[in-house]
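If you're matching them up, the sequences are chains C and B in order.
All letters in the first sequence, in the order written, are residues 33 to 276 by my numbering.
All letters in the second sequence, in the order written, are residues 2 to 315 by my numbering.
Glycine included, each C-beta is placed from N, C-alpha and C at the ideal position.
Presented below is the structure to which this report refers.
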Amino acid sequence: MKHCSIEVQSLKKKLGSNQAIDGISAVFAPGVLHGLIGPEGAGKTTLLRLLLGLLRPDEGSVQFISGGQVVDFGTVRPTIAYMPQQQSLYPDLSVSEHLDFFAALYEIPADLYREKRTELLHLTRLQPFQDRPAGQLSGGMYKKLGLMCSLLRSPEILLLDEPTNGVDPISRRELWTLLYRMREQGLLILVATAYMDEAERCGEVYLLNAGRILAQGEPKQLLEAEKVARFDELFLRKESDLGL
Amino acid sequence: MVSEPNAVIAVDIRKLTVKFGEFTAVDQVSLSVRKGEIFGFLGANGAGKTTTIRVLCGLLVPTSGHVRVAGYAPEDGLEKIKTRVGYMSQRFTLYDDLTVAENLKFSGSLRGIVGRKLEQRIEELLEFVGFSRATGAFVKDLPGGIKQQVSLAASILHDPEIVFLDEPTSGVTPGARERFWKLIRELAGKGKTVFVTTHYMDEAEHCERIALMKDGKIIALDSPGGLKASTFRTPLLEILPSRKMAEGSWLPQLRAHPAVESIEPYGMRYHLVISDPARLGEVKAQIPPSFEISQTAPSLEDVFIRLVEAGFIK
Numbered sequence: 033m034k035h036c037s038i039e040v041q042s043l044k045k046k047l048g049s050n051q052a053i054d055g056i057s058a059v060f061a062p063g064v065l066h067g068l069i070g071p072e073g074a075g076k077t078t079l080l081r082l083l084l085g086l087l088r089p090d091e092g093s094v095q096f097i098s099g100g101q102v103v104d105f106g107t108v109r110p111t112i113a114y115m116p117q118q119q120s121l122y123p124d125l126s127v128s129e130h131l132d133f134f135a136a137l138y139e140i141p142a143d144l145y146r147e148k149r150t151e152l153l154h155l156t157r158l159q160p161f162q163d164r165p166a167g168q169l170s171g172g173m174y175k176k177l178g179l180m181c182s183l184l185r186s187p188e189i190l191l192l193d194e195p196t197n198g199v200d201p202i203s204r205r206e207l208w209t210l211l212y213r214m215r216e217q218g219l220l221i222l223v224a225t226a227y228m229d230e231a232e233r234c235g236e237v238y239l240l241n242a243g244r245i246l247a248q249g250e251p252k253q254l255l256e257a258e259k260v261a262r263f264d265e266l267f268l269r270k271e272s273d274l275g276l
Numbered sequence: 002m003v004s005e006p007n008a009v010i011a012v013d014i015r016k017l018t019v020k021f022g023e024f025t026a027v028d029q030v031s032l033s034v035r036k037g038e039i040f041g042f043l044g045a046n047g048a049g050k051t052t053t054i055r056v057l058c059g060l061l062v063p064t065s066g067h068v069r070v071a072g073y074a075p076e077d078g079l080e081k082i083k084t085r086v087g088y089m090s091q092r093f094t095l096y097d098d099l100t101v102a103e104n105l106k107f108s109g110s111l112r113g114i115v116g117r118k119l120e121q122r123i124e125e126l127l128e129f130v131g132f133s134r135a136t137g138a139f140v141k142d143l144p145g146g147i148k149q150q151v152s153l154a155a156s157i158l159h160d161p162e163i164v165f166l167d168e169p170t171s172g173v174t175p176g177a178r179e180r181f182w183k184l185i186r187e188l189a190g191k192g193k194t195v196f197v198t199t200h201y202m203d204e205a206e207h208c209e210r211i212a213l214m215k216d217g218k219i220i221a222l223d224s225p226g227g228l229k230a231s232t233f234r235t236p237l238l239e240i241l242p243s244r245k246m247a248e249g250s251w252l253p254q255l256r257a258h259p260a261v262e263s264i265e266p267y268g269m270r271y272h273l274v275i276s277d278p279a280r281l282g283e284v285k286a287q288i289p290p291s292f293e294i295s296q297t298a299p300s301l302e303d304v305f306i307r308l309v310e311a312g313f314i315k
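Given below as structure tokens:
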């Protein structure tokens, strides 16, 4: 199941009385770090949940394409890793115990697990903290542990919901460095964030508000085309253009 | 630190130490904040910020040191301090399944404000924050920016002298953020002291002075401009690699150059610090010609990373 892209067409989803997703179309290509950037309520989480099959669209479609062919969701699902905003890690279990637990849950063969575990602990620099319970980790380390658990299965698609929220600037930069490494391995990565400045760190940006895409493109080209210096300004302009 | 002779001090701590068992969370911290000042309090996760704030809010008795918050010391009774401070967090100041009116009445009654006085106060504050919707609306149905206005109103119902803001504008639109900081400046203009804790460097830029904490100690305290100037005395280059060469051998080569003090990723760009300004041209010549290079002012993120991670000492 190599190098899948996700195609989303005219997607709509209502949650209660709120039109959470209001007509979104996009093609998320593999090997690219896609950023869903927008404030609270923009539709970031709902979009990720729709991609993951946790929610069904009211209208439109989500398709996984590999080699020009539509792939069955059941085949793709095991290759998708999802890191929700509120992570359900176990405060009493140590970093090491989390890895053991998720390896068992995902039925990862022992030799592969040993290799993966060493690689991930090295990559996240969590090696010295292996025996620390999750409940005593700092915000940044906690997020890294969550990311590590989701990477154990060697996913092809990585969906991350606000991985850097509440994390200090140093841990934030470390998390982004980790994501760049994953992208180099050809993964399709989708990161949702409310931090406008993080748009610049993505390969392709989707500026979201009220369930719609306000602007999309490669960050540098997007800023140049709109003649603005920062994504804050771009957001303000698009918002006033739409009379929101 | 020297404070202005006639300035009224809202928060004064001297050699504040807080220990949890063997662990020293706050280690001999001293600082004072002027009445009406917007003061930023930054640090990595686990640096001791939250512990310090808990002492200043009257939630924790320090192990040792001198503390005065709005004129009261913990020895005067923590309740005295609590009545003089307000606390707002974007995340948990309000109850989602209560209406705006219910939330404000609840917050008010916790502070012992009732009846006509509470109604007046709510009316006054909703007007101040610019809330123009129905107060019968459930908080969960409000957009982030509006929720934030109501949170602020709830945290200052009892007219505190000092208000603590914890990442107050995370997750709101850039427009709502601008409006919020305007309110905060108005509040400070009325003599309220504002204490901001945040990981969001854009928020820190709004503060008049910033204290940076690491391992229980304050490692820097200055205005945003002052911090930038003292942390970066040599030129800072911003490099934007061409897309095809975003990664490549140029990076380790530059890093190894003797006149390059550091090179750090910064979004799609890199920030390079020169150790010897005289060798600026030499370093520039090492950068592939297709890259965009500009000399830039450091951001607070640059300052934070340099001071906290590299243990940079002036």
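For residue i: DSSP bridge partner residues
| i | result |
| --- | --- |
| threonine 52 of chain B | Answer is none; threonine 52 of chain B lacks a bridge partner. |
| glutamine 41 of chain C | C:Ser93 |
| glycine 282 of chain B | The partner list for glycine 282 of chain B (beta bridge, DSSP) is empty, contrary to what the question assumes. |
| phenylalanine 165 of chain B | B:Tyr88 and B:Phe196 |
| serine 98 of chain C | C:Gln101 |
| phenylalanine 139 of chain B | B:Thr100 |
| glycine 249 of chain C | C:Val237 |
| asparagine 50 of chain C | C:Leu47 |
| glutamate 293 of chain B | B:Leu241 |
Endpoints, the alpha helix (DSSP H) within which residue i is located
| i | result |
| --- | --- |
| valine 127 of chain C | 127-137 |
| threonine 174 of chain B | Premise fails: threonine 174 of chain B is in no alpha helix (DSSP H) and is neither H nor E. |
| glutamine 254 of chain B | 251-257 |
| tyrosine 174 of chain C | 171-183 |
| methionine 228 of chain C | Note, methionine 228 of chain C: premise wrong, no alpha helix (DSSP H); not H, not E. |
| aspartate 28 of chain B | Element bounds for aspartate 28 of chain B: not the alpha helix (DSSP H) but the beta strand (DSSP E), 24-35. |
| lysine 270 of chain C | 263-273 |
Cβ of residue i within 8 Å of any chain B Cβ
| i | result |
| --- | --- |
| valine 199 of chain C | yes |
| glycine 63 of chain C | no |
| methionine 180 of chain C | no |
| threonine 209 of chain C | yes |
| arginine 205 of chain C | yes |
| alanine 58 of chain C | no |
| glutamate 258 of chain C | no |
8 Å contact criterion, which residue i and residue j should meet: CB distance rounded
| i | j | result |
| --- | --- | --- |
| alanine 282 of chain C | valine 127 of chain C | Nothing can be reported for residue 282 of chain C: it is not among the residues displayed for chain C, which extend from 33 to 276. |
| threonine 174 of chain B | glycine 146 of chain B | 6 Å |
| lysine 193 of chain B | valine 164 of chain B | 6 Å |
| arginine 270 of chain B | isoleucine 240 of chain B | 6 Å |
| valine 197 of chain B | phenylalanine 40 of chain B | 7 Å |
| threonine 64 of chain B | lysine 20 of chain B | 5 Å |
For residue j and residue i, the rounded distance between their alpha carbons
| i | j | result |
| --- | --- | --- |
| histidine 207 of chain B | proline 169 of chain B | 12 Å |
| glutamate 236 of chain C | glutamate 194 of chain C | 16 Å |
| tyrosine 278 of chain C | isoleucine 56 of chain C | Because chain C in this structure spans residues 33 to 276, residue 278 of chain C falls outside the shown range and cannot be described. |
| lysine 315 of chain B | glutamate 262 of chain B | In this prediction, lysine 315 of chain B has a pLDDT of 40, which is less than 50 and means its spatial position is unreliable; what the coordinates show is noted afterwards. Their backbone Cα atoms lie some 14 Å apart in a straight line. |
| glycine 172 of chain B | methionine 228 of chain C | 9 Å |
| threonine 156 of chain C | asparagine 46 of chain B | 16 Å |
| valine 3 of chain B | glutamate 124 of chain B | With a pLDDT of 48 at valine 3 of chain B, under the threshold of 50, the modelled position of this residue cannot be trusted; read the value that follows with caution. Valine 3 of chain B and glutamate 124 of chain B: Cα-Cα distance of roughly 40 Å. |
| threonine 150 of chain C | phenylalanine 233 of chain B | 38 Å |
| glutamate 5 of chain B | leucine 220 of chain C | Low confidence applies to glutamate 5 of chain B: its pLDDT is 49, below 50, so where it sits in the model is not reliable, and the reading given next is rough at best. Each residue's alpha carbon lies about 56 Å from the other. |
| phenylalanine 24 of chain B | aspartate 277 of chain B | 40 Å |
| glutamine 287 of chain B | glycine 49 of chain B | 42 Å |
| serine 272 of chain C | histidine 67 of chain B | 50 Å |
| leucine 255 of chain C | leucine 68 of chain C | 16 Å |
| serine 98 of chain C | leucine 83 of chain C | 16 Å |
| glutamate 179 of chain B | glutamine 159 of chain C | 42 Å |
| methionine 142 of chain B | glutamate 72 of chain C | Correcting the residue identity first, residue 142 of chain B is aspartate in this sequence and not methionine. Straight-line Cα distance between these residues: approximately 12 Å. |
| proline 289 of chain B | arginine 244 of chain B | 12 Å |
Proximity test, Cβ basis, 8 Å: residue i and chain C
| i | result |
| --- | --- |
| glycine 268 of chain B | yes |
| methionine 202 of chain B | yes |
| proline 289 of chain B | no |
| asparagine 46 of chain B | yes |
| phenylalanine 132 of chain B | no |
| phenylalanine 305 of chain B | yes |
| glutamate 23 of chain B | no |
Residue span of the beta strand (DSSP E) that contains residue i, given as start and end
| i | result |
| --- | --- |
| proline 266 of chain B | 261-267 |
| phenylalanine 40 of chain B | 39-44 |
| proline 62 of chain B | It should be pointed out that residue 62 of chain B corresponds to valine in this sequence rather than to proline. From DSSP, valine 62 of chain B is part of no beta strand (DSSP E); its letter is neither H nor E. |
| methionine 214 of chain C | Taken as a continuous stretch (DSSP letters only), methionine 214 of chain C belongs to no beta strand (DSSP E), being part of the alpha helix (DSSP H) at 201-216. |
| histidine 154 of chain C | Unbroken run through histidine 154 of chain C is the alpha helix (DSSP H), 142-156; no beta strand (DSSP E). |
| aspartate 13 of chain B | 10-21 |
| methionine 246 of chain B | Where methionine 246 of chain B is concerned, there is no enclosing beta strand (DSSP E), given that its DSSP letter is neither H nor E. |
| glutamine 117 of chain C | Run containing glutamine 117 of chain C: none; DSSP gives neither H nor E here. |
| alanine 298 of chain B | No beta strand (DSSP E) holds alanine 298 of chain B; DSSP gives it neither H nor E. |
Short CB-CB distance (under 8 Å) between residue i and chain A
| i | result |
| --- | --- |
| proline 71 of chain C | The chain inventory of the structure shown lacks chain A, comprising the protein chains C and B. |
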